[in-house]
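Some notes on the structure that comes next.
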Amino acid sequence: MRQPARIGSLRRFGSRHERTRPHLWLALVLGLAGFLVVVAIFSARTERHNAEPRRARLISLIQNRRGTVDELDGEVRGLRRRVDQAQASSSRLDANQRQQAQQTSDLSALAGTKALAGPGLVVQLSDSIRQPATPQEAGAFRIHDADIQLVVNDLFAAGAEAVSVNGNRLVATSAIRAAGATIVVNFRPLNTPYEVHAIGARLEDFNKSEIAKRFGRWEDLYGLGFKVGRRSKVEVPAFTGRVDVGVATPGGTS
């Protein structure tokens, strides 16, 4: 009769042990989860700490390269001015040389390798300062490469003889593109605001263009910056890139 009492006692002990086991598992799981969270936070902080020096070096490299490019542009413009001066001085020798110098000057103006100045228009474009309601609408509040391309096309249609965007002369081989959220002209990144200079463009004709009407609506709807002004003197710098001719050949005279 005493043996069943022992068995009952063992069963009662076993039931208490089984009731404590889930609490041990829960503690282990919570401890493991906490350890993983700590490891993840430590790893993220380490990655950010290691990335900061690389980011600083990259920014410094970009700024240095941009400064070097600007210096080279200045040298190219200076050399081209010296060439123009040499051609002008040599053209005083005889009428034939004067004619050749004038032809060279005209071709340089057409090719974009000569700085020009004259009356024209200045179009200013800028991103909106408003905040979009959703991330999907963010694109409507920024100036895009296609917007600048349409403005440039309609300025030429309005009589522009020379056009530049943020100091970059546009020639026949120029490209206005987007690299991510950055607009690139002649393979050079631009920053907002964007200023388009157009020598010879007529204000009345440009204001009638479709892109001018669109920007009038976008200015109200999204707050995009859009200003057009006529100036008595608009300056357009010379193109400093390479002007390659791969298909065209000199035409014959008849």
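Residue 29 is where the sequence shown starts when you use our numbering, and the numbers rise one by one after that. Ideal Cβ placement from N, Cα and C applies to all residues, glycine included. Fair warning: this is a prediction, and the values are worked out from it, not measured in the lab.
Quiz item: For Leu138, which of Ile227, Ile171, Leu100 has the nearest alpha-carbon?
Solution: Reading the sequence shown from its first residue, position 110 is the one you call residue 138. Taking only the C-alpha atoms, the option nearest Leu138 is Ile227.
Self-check item: Val180 - containing alpha helix (DSSP H), residue span
Solution: Position 152 of the sequence shown, counting from 1, holds the residue named residue 180. It spans 173-185 - the alpha helix (DSSP H) in which Val180 sits, taken as one unbroken run.
Quiz item: Roughly how many whole angstroms lie between the Cα atoms of Pro147 and Arg245?
Solution: If you number the sequence shown from 1, residue 147 lands on position 119. If you number the sequence shown from 1, residue 245 lands on position 217. If you draw a straight line from the Cα of Pro147 to the Cα of Arg245, it comes to about 28 Å.
Practice problem: Throw me the rounded Cβ distance for the Phe234 and Leu183 pair, which I believe falls under 8 Å. | Solution: In the sequence shown, counting from the first residue as 1, residue 234 sits at position 206. In the sequence shown, counting from the first residue as 1, residue 183 sits at position 155. Confirmed, about 6 Å.
Quiz item: Is Asp248 close to chain D, meaning its C-beta is less than 9 Å from at least one C-beta of that chain?
Solution: Chain labels in this structure do not include chain D; a single protein chain is all it has.
Quiz item: Tell me, which residues are paired with Thr210 by DSSP?
Solution: For the purposes of this step, residue 210 is identified with residue 182 of the sequence shown, where counting begins at 1. Thr210 pairs with Ala207.
Exercise. Check whether the Cβ atoms of Arg216 and Val97 sit closer than 9 Å, and answer yes or no.
Key: Stepping through the sequence shown from its first residue, residue 216 is reached at position 188. Stepping through the sequence shown from its first residue, residue 97 is reached at position 69. Between Arg216 and Val97, the C-beta gap is smaller than 9 Å, which places the two residues in contact.
Quiz prompt | Same chain only: Cβ atoms within 8 Å of Val262, ignoring 5 sequence neighbours per side | solution = Your numbering for residue 262 matches position 234 in the sequence shown. Ala145, Gly146, Pro147, Gly148, Leu149, Val150, His225, Ala226, Ile227, listed in sequence order.
Quiz item: What separation, rounded to the nearest whole angstrom, lies between the Cα atoms of Lys142 and Arg108?
Solution: Here residue 142 corresponds to residue number 114 of the sequence shown, with the count starting at 1. Here residue 108 corresponds to residue number 80 of the sequence shown, with the count starting at 1. Taking the straight line joining both Cα atoms gives about 7 Å.
Exercise. Leaving out five residues on either side along the sequence, give the residues of the same chain with a beta carbon under 6 Å from the beta carbon of Ile204.
Key: The residue labelled residue 204 in the question sits at position 176 within the sequence shown. Setting aside the 5 residues that flank it on each side, Ile204 is surrounded in the same chain by Asp173, Ile176, Gln177, Val213, each with a C-beta closer than 6 Å to its C-beta; the list follows chain order.
Quiz item: Span of the beta strand (DSSP E) holding Phe243?
Solution: The residue you call residue 243 lines up with position 215 of the sequence shown. Following the DSSP letters along the chain, one finds Phe243 in no beta strand (DSSP E) but inside the alpha helix (DSSP H) bounded by residues 238-250.
Practice problem: Tell me, please, which residues DSSP counts as bridged to Leu218. | Solution: Start at 1 with the first residue of the sequence shown, and residue 218 comes out as number 190. DSSP output for Leu218 lists Ile211 as bridge partner(s).
Exercise. Between the Cα of Arg258 and those of Ser154, Ala190, Ser237, Leu231, spot the shortest distance and give me the residue it belongs to.
Key: One-based indexing of the sequence shown puts residue 258 at position 230. The candidate whose alpha carbon is nearest that of Arg258 is Leu231.
Quiz prompt | Inter-residue CB distance, Leu252 and Ile171 (contact presumed, cutoff 8 Å) | solution = Along the sequence shown, read from residue 1 onward, the residue named residue 252 stands at position 224. Along the sequence shown, read from residue 1 onward, the residue named residue 171 stands at position 143. The Cβ separation is near 7 Å, so the contact holds.
Self-check item: Buried/exposed call for Ile239, threshold 16 Cβ in 10 Å
Solution: Counting from 1 along the sequence shown, the entry for residue 239 is found at position 211. Looking at its Cβ environment, which holds 16 or more other Cβ atoms inside 10 Å, Ile239 is buried.
Self-check item: Nearest candidate by alpha-carbon position, reference Leu153, set Glu165, Val179, Ser71
Solution: The residue you call residue 153 lines up with position 125 of the sequence shown. With distances taken between Cα atoms, Leu153 lies closest to Val179.
Quiz item: With DSSP run on the structure shown, which of helix, strand or coil describes Val57?
Solution: By 1-based counting over the sequence shown, the position of residue 57 is 29. Correct three-state label for Val57: helix.
Exercise. Quick one: grab the DSSP three-state call for Ala114.
Key: Start at 1 with the first residue of the sequence shown, and residue 114 comes out as number 86. The answer is helix: DSSP assigns Ala114 an H, G or I state.
Exercise. Tell whether a beta-carbon distance below 9 Å holds between Ser192 and Pro81.
Key: Counting from 1 along the sequence shown, the entry for residue 192 is found at position 164. Counting from 1 along the sequence shown, the entry for residue 81 is found at position 53. The answer is no: Cβ separation not under 9 Å.
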